[in-house]
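In this note's numbering, the protein residues as written are 1095 to 1230.
Note that the Cβ used here is the ideal one computed from N, Cα and C, for glycine as well.
A short write-up of the structure that comes next.
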């Protein structure tokens, strides 16, 4: 059975990659809560957080921290929203952590996640480049 996020991690499906290393890939969500919304995934197919191997836990959190900082430094956000679902509301059955840029008054309330769109591929590539550039 094919997994979209495994295919992105393998380079078989195009995505705006923000971070890539031996264990993890981060890329822009194609239906972002706010522009710059980045998904962090392990390259290994893992469905939920409880299934994440112990050897990947620290690395997963470290990269989420770096992405949270990149939302501020790269996109000028005031902060970030970091979240993941396990099974329920998990649109792709592959562990993924949303790291979303936040600004006071941006309209995000509770657990209602509005979705937006990028104007075109150039705009999404610009957001990916700005986040990636601030990762160092």
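Measure from the alpha carbon of residue i to the alpha carbon of each residue in the options, then state which is nearest.
| i | options | result |
| --- | --- | --- |
| residue 1198 | 1118, 1170 and 1155 | 1170 |
| residue 1159 | 1150, 1174, 1149 and 1148 | 1174 |
| residue 1117 | 1227, 1130, 1134 and 1129 | 1134 |
Which of helix, strand or coil does DSSP assign to residue i?
| i | result |
| --- | --- |
| residue 1163 | helix |
| residue 1174 | strand |
| residue 1193 | strand |
| residue 1225 | helix |
| residue 1213 | coil |
Within 10 Å of its beta-carbon, does residue i have 16 or more other beta-carbons around it, so buried, or fewer, so exposed?
| i | result |
| --- | --- |
| residue 1157 | buried |
| residue 1210 | exposed |
Which partner residues of residue i appear in the DSSP bridge assignment?
| i | result |
| --- | --- |
| residue 1120 | 1113 and 1134 |
Could you tell me whether the region 1180 to 1187 touches the region 1133 to 1151, using the rule of 3 or more Cβ pairs below 8 Å?
Yes, the region 1180 to 1187 is in contact with the region 1133 to 1151.
So, do the region 1099 to 1110 and the region 1158 to 1169 have three or more beta carbon pairs nearer to each other than 8 Å?
Output reads no: the region 1158 to 1169 does not touch the region 1099 to 1110.
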